[in-house]
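What follows is a short report on a single structure.
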Amino acid sequence: MSYCFNPACPQPVNPNKVTHCLACGSSLLLRNRYVAIKALGKGGFGRTFLAVDIDMPSRLKVVIKQFLPGSLPQEMLEKSIKMFQQEAVLLEKLGRHPQIPTLYAYFTMRNQYYLVMEFIDGKDLLKELETLGAFNQDKAIELLKGLLPVIDFLHGHNVIHRDIKPANIIRSSNGQLVLVDFGAAKQFTEATAQAGTMIGSMEYVPPEQVIGNAVPASDLYSLGATCVHLITGKKPSTIRDLYTDTWKWRENLPPGNEIDDFLGQILDKMLQGAVLDRYQKGAEVLKDLEIGILRQQSKAMVDWYPSKLDFAKLEYALSIGDFKSADQETWNLICRALGRPLGSKLSERDVARIPCNELLNLDSLWLRYSNNRFGFTVKCEIYEAEGKNYRAFCEKIGYRVKRGGSMGWISGNRINYSQEAPKGHLPWVSGFYEADSPFGQEGVIRELVTAVRTCQRKLSRFSVVSL
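Have a look at this one:
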């Protein structure tokens with residue numbers, strides 16, 4: 132089957148192998164290259180077709196957008212043409228991204244404008260919602276993790292999508308989420324951040340976009356609105372109070388569809404009406420999302436004795452390889468465990484008083500995320516392997532290094548916070564060293580080794596009893 136591109140054709144569907152439309156006589160071959168095989172959709176200003184590129188050996192499937200402005204006033208016609216052209220310009224600028232359709236061609240024929248772009252084989256999230264029902268928390272998190280990096284990519288190229296909604300997100304056949312329809316997108320600069328015409332789908336846009344003043348954070352609002360639509364199964368207009376600019380999504384969750392507080396708080400912040408109360412970057416949302424997930428997981432780290440500390444920040448820093456922040460947070464957590472002010476220097480007596488559950492929780496996180504390269508247990512093993520010789524221990528873990536032909540002690544500002552640091556180098560924990568140097572601090576390390584080994588023996592006995 133082939134489809135006629137002539138918008139005035141009374142019977143556009145034609146059988147295969149026909150070169151000209153049987154109803155109107157128009158050529159069915161667009162630009163001597165593309166044959167439409169199916170009409171995908173029709174809007175106020177155009178139509179979309181699934182087509183094949185006969186120049187390609189594989190007869191590559193493509194999507195063709197045909198611009199049909201109709202009888203618009205001249206000013207609106209010029210603006211509509213400009214927006215259609217802008218979609219081509221922006222898609223070309225964005226280049227090839229696995230979650231954005233690739234632009235193949237842009238041209239004019241018979242006073243009609245055409246865009247040819249990559250065909251994404253899959254189903255949009257609105258159809259998925261209609262078929263499978265409301266999204267659960269895992270699918271909502273998957274959506275955020277999948278789309279937020281794409282949104283940051285757009286904003287990094289000074290592009291605002293302006294029309295993020297379930298129908299414009301396709302889950303491809305390989306499961307990847309793809310953001311489509313850049314017809315409303317615009318190039319963003321400080322000079323263009325001024326009131327204009329409202330562009331986008333009203334149900335999903337924030338207040339500033341309603342008055343034509345979309346900013347990058349507007350896309351984050353729209354993604355938040357998309358999420359609450361998908362987890363409730365209800366259109367945003369039915370769960371948003373326009374008089375108070377508040378969302379009633381929690382009250383509209385389907386029975387049994389539980390959303391944890393951390394995700395609820397993230398969605399609430401994405402949906403703030405005031406721009407400055409909202410997230411400004413996708414990376415900010417992702418960070419809070421990861422911390423929330425890790426906070427849930429951290430509850431099960433060491434079950435033998437409940438912890439009073441919140442390890443989420445430490446676990447997040449370790450999970451992204453930010454060992455410097457992780458080291459600082461380790462010091463903070465030890466101070467909290469001891470009831471000491473943050474930044475306190477820790478004596479041998481302090482080290483001996485660190486509660487076992489907190490000490491082993493800290494150690495297990497460092498071991499897990501460094502693949503057993505860093506952690507208190509690693510320090511213990513090296514200290515013991517060196518015959519409890521403090522100087523040899525410090526040389527082994529990089530606290531004593533050769534300078535100008537002789538060995539010297541390092542200070543805190545020379546700590547190596549990379550994955551390539553010597554085994555046992557981290558955590559440094561500046562609070563262990565009175566003068567920000569390991570020189571003369573053997574007593575602290577000796578007490579640390581004793582404390583770790585004592586706690587491990589207690590845990591071992593507890594595990595046997597529990598069995």
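The sequence shown begins at 132 in this note's numbering and counts up by one.
Where a beta carbon is used, it is the ideal one built from N, C-alpha and C, also for glycine.
Helix, strand or coil at residue i according to DSSP, with G and I counted as helix
i	result
P146	coil
T323	Note on T323: pLDDT 43, under 50, position unreliable in the model; no value is reported.
H286	helix
V194	strand
K317	strand
G172	strand
M401	helix
A236	strand
E551	coil
M333	helix
G539	strand
V596	For V596, the predicted model reports a pLDDT of 35, less than 50, meaning its position is unreliable; a value from the coordinates is still stated below. Looking at V596 - three-state DSSP - the assignment turns out to be helix.
E444	Contrary to the premise, residue 444 reads as Lys rather than Glu in this sequence. Three-state result, K444: helix.
V580	helix
L308	strand
G571	coil
V433	Note that V433 scores 46 on pLDDT, short of 50, meaning its location in the model is unreliable; the coordinates nonetheless yield the value given after this. Here V433 sits in coil by DSSP.
G253	strand
S450	helix
C135	coil
V560	coil
F368	The amino acid at residue 368 is misidentified as Phe; the sequence shows Ser. S368 falls in the helix class under three-state DSSP.
L384	coil
E546	Checking the sequence shown, residue 546 turns out to be Ile, not Glu. Of the three classes helix, strand and coil, the one that applies to I546 here is coil, per DSSP.
I291	strand
I390	coil
Q407	Residue identity check: residue 407 is Leu in the sequence provided, not Gln. If DSSP states are grouped into helix, strand and coil, L407 belongs with the helices.
First through last residue of the alpha helix (DSSP H) which encompasses residue i
i	result
A516	F507 to A516
L260	L256 to L263
Y352	P347 to T363
K341	The sequence shown places Val at residue 341, rather than the Lys named in the question. Looking at the DSSP string, the run of the alpha helix (DSSP H) that includes V341 is P338 to V341.
L208	Q205 to L225
R178	Not the alpha helix (DSSP H): R178 falls in the beta strand (DSSP E), residues G177 to D184.
Y521	Y521 to K527
Q459	F454 to L469
L496	C487 to Y500
V482	E479 to A483
Under 8 Å between C-beta atoms of residue i and residue j
i	j	result
L417	C358	no
I370	N388	no
A406	C511	Residue identity check: residue 406 is Val in the sequence provided, not Ala. No, these two residues do not count as a Cβ contact at 8 Å.
P558	D458	yes
K317	Q217	yes
P232	M214	no
F238	R162	yes
Y447	E415	no
I272	V309	no
S561	W462	yes
K196	L246	yes
F136	A167	yes
S347	D376	Rather than Ser, the amino acid found at residue 347 in this sequence is Pro. It is not a contact, given that the beta carbons lie outside the stated cut-off.
G395	R381	yes
I291	D350	yes
G364	I397	no
V509	N503	yes
G607	S189	Residue 607 is absent from the model: the chain starts at 132 and stops at 598.
K366	D372	no
L440	L496	no
L579	F507	yes
Limits of the unbroken beta strand (DSSP E) element including residue i
i	result
I300	I300 to S303
Y374	Unbroken run through Y374: none, as it is neither H nor E.
R534	R531 to R534
L246	Q243 to E249
Q. Does the segment 253-267 come close enough to the segment 277-284 to have 3 or more Cβ pairs within less than 8 Å?
A. Short answer: they don't touch.
(Q) Could you check whether the segment 521-533 touches the segment 483-492, counting it as contact only if at least three pairs of C-beta atoms, one from each stretch, sit closer than 8 Å? (A) no
Q) Three or more C-beta pairs closer than 8 Å, one from the segment 475-484 and one from the segment 565-585: is that the case here? A) Yes, the segment 475-484 touches the segment 565-585.
Q: Indicate whether the contact test is met: 3 or more Cβ pairs, each with one atom in the segment 340-358 and one in the segment 390-409, closer than 8 Å.
A: Under the three-pair Cβ rule at 8 Å, the segment 340-358 counts as touching the segment 390-409.
Q.
Does the contact criterion of 3 or more C-beta pairs under 8 Å hold for the segment 439-446 versus the segment 542-551?
A. no
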